[in-house]
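Just so you know, the protein sequences line up as chains L and X, in that order. Under this note's numbering, the first residue of the first sequence is numbered 1, with each subsequent residue one higher. Under this note's numbering, the first residue of the second sequence is numbered 402, with each subsequent residue one higher. Even glycine gets a Cβ: it sits at the ideal position worked out from N, Cα and C.
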Amino acid sequence: MKHALIPIAALLAAALASPAALAQKKYDPGASDKEILVGHINPYSGPASAYGTIGRTIAAYFKKVNEEGGVNGRQINMISYDDGYSPPKTVEMARKLVEQDKVLLIFQPLGTPPNSAIHKYMNAKKVPQLFVATGATKWNDPKGYPWTMGWQPNYQTEAKIYAQHILKTKPNAKIAVLYQNDDYGKDYLKGFRDGLGAKAKTMIVKEASYEVTDPTVDSQMVQLQASGADTFFNITTPKFAAQAIRKAWDSGWKPVHYLNNVSVGVGSVLKPAGLEKSVGLITTSYIKDPTDPQWKDDAAMQAWTAFMKKYYPEGDIIDNSNVYGYGVARTLVQTIKQAGDDLTRANIMKQAASLKNFENDVLLPGIKINTSATDFAPIESVQLARFDGKTWARFGEVMGK
Amino acid sequence: MNKRSLLGFAVLLLVACALPFLVSEYRTFQFTLVLIYSIALLGLNILTGFNGQISLGHGAFYAIGAYCAAILMDKAGIPYWATIPAAGAVCLVAGFLFGLPALKLEGLYLALATFALGVSLPQLLKYHHLEEWTGGVQGIVITKPDAPEFIAGLGLALNQDQWLYFFTLAVTVLMFLLAWNLLRGRIGRAMMAIRDNHVAAEAMGVNNSLVKSFTFGVSAMFTGIAGALGAIAIQFVAPDSFNIFLSITFLIGIVIGGVASIPGALYGALFIQFVPNIADEISKAAPWAIFGLFLIGFTYLMPMGVAGAVRMGLARLTRKAHNEPVREALSRPYSPKEENP
Numbered sequence: 001m002k003h004a005l006i007p008i009a010a011l012l013a014a015a016l017a018s019p020a021a022l023a024q025k026k027y028d029p030g031a032s033d034k035e036i037l038v039g040h041i042n043p044y045s046g047p048a049s050a051y052g053t054i055g056r057t058i059a060a061y062f063k064k065v066n067e068e069g070g071v072n073g074r075q076i077n078m079i080s081y082d083d084g085y086s087p088p089k090t091v092e093m094a095r096k097l098v099e100q101d102k103v104l105l106i107f108q109p110l111g112t113p114p115n116s117a118i119h120k121y122m123n124a125k126k127v128p129q130l131f132v133a134t135g136a137t138k139w140n141d142p143k144g145y146p147w148t149m150g151w152q153p154n155y156q157t158e159a160k161i162y163a164q165h166i167l168k169t170k171p172n173a174k175i176a177v178l179y180q181n182d183d184y185g186k187d188y189l190k191g192f193r194d195g196l197g198a199k200a201k202t203m204i205v206k207e208a209s210y211e212v213t214d215p216t217v218d219s220q221m222v223q224l225q226a227s228g229a230d231t232f233f234n235i236t237t238p239k240f241a242a243q244a245i246r247k248a249w250d251s252g253w254k255p256v257h258y259l260n261n262v263s264v265g266v267g268s269v270l271k272p273a274g275l276e277k278s279v280g281l282i283t284t285s286y287i288k289d290p291t292d293p294q295w296k297d298d299a300a301m302q303a304w305t306a307f308m309k310k311y312y313p314e315g316d317i318i319d320n321s322n323v324y325g326y327g328v329a330r331t332l333v334q335t336i337k338q339a340g341d342d343l344t345r346a347n348i349m350k351q352a353a354s355l356k357n358f359e360n361d362v363l364l365p366g367i368k369i370n371t372s373a374t375d376f377a378p379i380e381s382v383q384l385a386r387f388d389g390k391t392w393a394r395f396g397e398v399m400g401k
Numbered sequence: 402m403n404k405r406s407l408l409g410f411a412v413l414l415l416v417a418c419a420l421p422f423l424v425s426e427y428r429t430f431q432f433t434l435v436l437i438y439s440i441a442l443l444g445l446n447i448l449t450g451f452n453g454q455i456s457l458g459h460g461a462f463y464a465i466g467a468y469c470a471a472i473l474m475d476k477a478g479i480p481y482w483a484t485i486p487a488a489g490a491v492c493l494v495a496g497f498l499f500g501l502p503a504l505k506l507e508g509l510y511l512a513l514a515t516f517a518l519g520v521s522l523p524q525l526l527k528y529h530h531l532e533e534w535t536g537g538v539q540g541i542v543i544t545k546p547d548a549p550e551f552i553a554g555l556g557l558a559l560n561q562d563q564w565l566y567f568f569t570l571a572v573t574v575l576m577f578l579l580a581w582n583l584l585r586g587r588i589g590r591a592m593m594a595i596r597d598n599h600v601a602a603e604a605m606g607v608n609n610s611l612v613k614s615f616t617f618g619v620s621a622m623f624t625g626i627a628g629a630l631g632a633i634a635i636q637f638v639a640p641d642s643f644n645i646f647l648s649i650t651f652l653i654g655i656v657i658g659g660v661a662s663i664p665g666a667l668y669g670a671l672f673i674q675f676v677p678n679i680a681d682e683i684s685k686a687a688p689w690a691i692f693g694l695f696l697i698g699f700t701y702l703m704p705m706g707v708a709g710a711v712r713m714g715l716a717r718l719t720r721k722a723h724n725e726p727v728r729e730a731l732s733r734p735y736s737p738k739e740e741n742p
């Protein structure tokens, strides 16, 4: 019996000795010598299930990283749950990931309402809510919510760019604005007003709003046209964007027409509106579009295509969301790489807030990811693009920070 | 209540009280949701199971209750526990008023009318004149309550999840006793008489329209109270939380749990809380297909719901003990409609 205890004693001794040996390595739940456990919440079912492909792309990308040896020798294992875009379910899944699965961080929850539902919880638990998939401006609040960070250019940033362009090209413009009456529309409108600065009051001659429940925006368009505006900022979701574009053309108004990035889909918006009626629309972009012929020989997009073929063959290679998923997953890998052996939640946030000129090559040339302790908005620059009847042609400089 | 069910109830309550000390905080939170759903299902079961009125829109009452609690806490600073009766009262009135025009509708037509309520409410919550109150699509974030000081005074250190669980458990027990008391009395018999044959009920002197509207109101009250508790547990309300799927889920819950059965509400709540998660774990690609399989499996194997299967199982056991035929033991619970003329 005495002898039987010896191996156990040896094991105990080893277990007690090991923390000393690993002195420089620091781990929070979810991290170890072998793996990094990442939580992920995405709608695979329900009204926003079209975005499910983003989660699949991310999973495929981590598979690729793991096959190539992982990050700093550790495998990235992702647990992905479906919340069906329902906030109560998001809360439940976030709690499961944090309390039961004990993940190091939660990556890329999608949508403004689901993220709002777990915003407080994640910050109370001090678990990173990293690179959330929504454009609301509130995710950039390092003081109030130091554990939450967005990724894509937020709505206010984008609207400011349109304002700058108007001030530069048409300083005496008379502007009409159509916006969806919710947080998304108001976020854009605020950014736009801020961008115009003191001139906002005189330059914006008419604002009209609509409800998501409205059948059409025709009457709003008539009001806007009657205001005598020569410039039009169109803050609408796809269905209404198509209606507004058509109405602006059919009524003979033909203002300089800025369209928010939310509704730039050629197939989903411009075709229904009429491609000839869409010529001249101005928008912004920040990510390489897989349908754009100019990226045919681009090394980054070729690498993306090869990745899709090998790791996610059932994915659609003309779907923009798959480029997005790839880009955002690369940003997380970069963050983890920078964290080195200090895999605490605090250090993950610190590294996410210390991305310096990170070139994520599926973003447009010249757009770099920069964050700091006071700036939790990774992508803050975009490039303007004009619709030429077939595709969006980028023009001008990369604007923003 | 006979001795056996009283014993069962006591054991169940004991297990329920021990539960939060045995499982993790996250599981405690899930069981809190089970209790909340069981109140909502009980509400729907009173209407659909006991009174025969089909509702595809009970998610709307759940939403009204949730918003009542959230708005009262957020705008008026009312403590969380006081919002529960307020939400119940608002839903009682809302349900009663909705029940009045619904009197003219029967069966599938009533199902459609309630469906309309269920689909329209999330959009109405986004309506911009109400935004000042509802917070529009942004919703309302509320703070989770801490355990009151007297609990610490008793020498119990409960965390937020455990406290909320016990608070919910207390409300649940109260609501179940209320329902049990209501359903076994005169009004309960009137409800079932209307379900089984409304002409006969009328002939016996039951005021059909009053009882039906009242049932609608009570049912909405139960569901609204569940909604208020749900808002406090989730700490967030938004229109997207209450889509039409919620209403359908409730209907699934009562059918799986057992139509016209009080304990059935608890079984149904366990089902709607845990089975979608299990389905999601089995297959990421098609969780709802797996869920569908579960649904078909349950309805096929337990045609009278889980409550029916449990009853049958118990009856078998007693038959073995007393050597009496199963049929007799089974004839005690509420008989299905088609057996009546």
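What are the residues that DSSP puts in a beta bridge with residue i?
| i | result |
| --- | --- |
| Trp564 of chain X | In DSSP, Trp564 of chain X forms no bridge with anything. |
| Ala26 of chain L | Looking at the sequence itself, residue 26 of chain L is Lys, so the reference to Ala does not match. Answer by DSSP bridge pairing, in chain order: L:Asp342. |
| Thr112 of chain L | Looking at the DSSP assignment, Thr112 of chain L forms no beta bridge with any residue, so it has no partner. |
| Tyr258 of chain L | L:Phe233, L:Ile282 |
| Ile653 of chain X | BP columns for Ile653 of chain X are empty, so no partner. |
| Ala31 of chain L | L:Ile36 |
Which bits of chain L does residue i rub up against, with CB to CB less than 9 Å?
| i | result |
| --- | --- |
| Ser642 of chain X | Ser86, Pro87, Pro88, Lys89, Pro113, Ala117 |
| Gln398 of chain X | Residue 398 of chain X falls outside the range modelled here, since chain X spans only 402 to 742, and no answer is possible. |
Taking residue i as the query, report the chain X residues whose CB atoms sit under 7 Å from its CB, ordered along the chain.
| i | result |
| --- | --- |
| Asp182 of chain L | Lys527, Gly537, Val538 |
| Glu99 of chain L | Ser425, Glu426, Tyr427 |
| Lys120 of chain L | Val542, Gln636 |
| Ser285 of chain L | Correct list: empty, because the minimum Cβ distance to chain X is about 25 Å. |
| Tyr81 of chain L | Asp681 |
| Lys96 of chain L | Tyr427 |
Buried or exposed for residue i, please, with buried defined as at least 16 other CB atoms from any protein chain shown within 10 angstroms of its CB.
| i | result |
| --- | --- |
| Asn608 of chain X | exposed |
| Tyr510 of chain X | exposed |
| Trp147 of chain L | buried |
| Leu584 of chain X | buried |
| Ala21 of chain L | With a pLDDT of 42 at Ala21 of chain L, under the threshold of 50, the modelled position of that residue is not reliable, and no figure is offered here. |
| Glu211 of chain L | exposed |
| Trp482 of chain X | exposed |
| Val416 of chain X | exposed |
| Leu407 of chain X | exposed |
| Gln302 of chain L | exposed |
Can you determine whether any heavy atom of the ligand GDP sits closer than 6 Å to the C-beta of residue i, and answer yes or no?
| i | result |
| --- | --- |
| Ser321 of chain L | As for the ligand GDP, it is missing from this structure, which has no ligand bound. |
Taking the alpha helix (DSSP H) that residue i falls in, what are its first and last residues?
| i | result |
| --- | --- |
| Asp183 of chain L | 183-196 |
| Lys206 of chain L | First-last for Lys206 of chain L: 204-210, but that is the beta strand (DSSP E), not the alpha helix (DSSP H). |
| Asn66 of chain L | 52-67 |
| Phe358 of chain L | Where Phe358 of chain L is concerned, there is no enclosing alpha helix (DSSP H), given that its DSSP letter is neither H nor E. |
| Ala300 of chain L | 299-311 |
| Gln180 of chain L | From DSSP, Gln180 of chain L is part of no alpha helix (DSSP H) but of the beta strand (DSSP E) over 175-180. |
| Phe131 of chain L | That residue, Phe131 of chain L, is in no alpha helix (DSSP H); it is neither H nor E in DSSP. |
| Gln164 of chain L | 155-169 |
| Leu434 of chain X | 426-446 |
| Phe410 of chain X | 404-423 |
In terms of residues, what are the limits of the beta strand (DSSP E) holding residue i?
| i | result |
| --- | --- |
| Met78 of chain L | 75-82 |
| Leu531 of chain X | Run containing Leu531 of chain X: none; DSSP gives neither H nor E here. |
| Val398 of chain L | 392-400 |
| Val38 of chain L | 35-42 |
| Ala385 of chain L | 381-387 |
Name, please, each residue of chain L whose Cβ falls closer than 7 Å to the Cβ of residue i.
| i | result |
| --- | --- |
| Lys476 of chain X | Those within 7 Å of Lys476 of chain X in chain L number zero; the least Cβ separation is about 18 Å. |
What in chain L is Cβ-close to residue i, meaning under 8 Å?
| i | result |
| --- | --- |
| Lys505 of chain X | Within 8 Å Cβ-Cβ: nothing; Lys505 of chain X doesn't reach chain L, min ~27 Å. |
| Pro688 of chain X | Tyr44, Ser45, Asp82 |
| Ala639 of chain X | Pro87, Pro113, Ser116, Ala117 |
| Lys685 of chain X | Tyr44, Ser80, Asp82 |
Whose Cβ in chain X lies nearer than 9 Å to the Cβ of residue i?
| i | result |
| --- | --- |
| Val212 of chain L | Gln524, Lys527, Val538 |
Enumerate, from N- to C-terminal direction, the unbroken alpha helix (DSSP H) stretches of 4 or more residues contained entirely within the region 218-256 of chain L.
-> 218-226, 238-250
Where are the alpha helix (DSSP H) runs, 4 residues long or more, that stay fully inside the region 664-730 of chain X, in chain order?
-> 688-702, 706-723
Unbroken stretches of the alpha helix (DSSP H), 4 residues or longer, contained in the region 553-634 of chain X = 561-585, 587-597, 599-604
Continuous alpha helix (DSSP H) assignments of at least 4 residues falling wholly in the region 459-528 of chain X = 459-476, 481-503, 508-525
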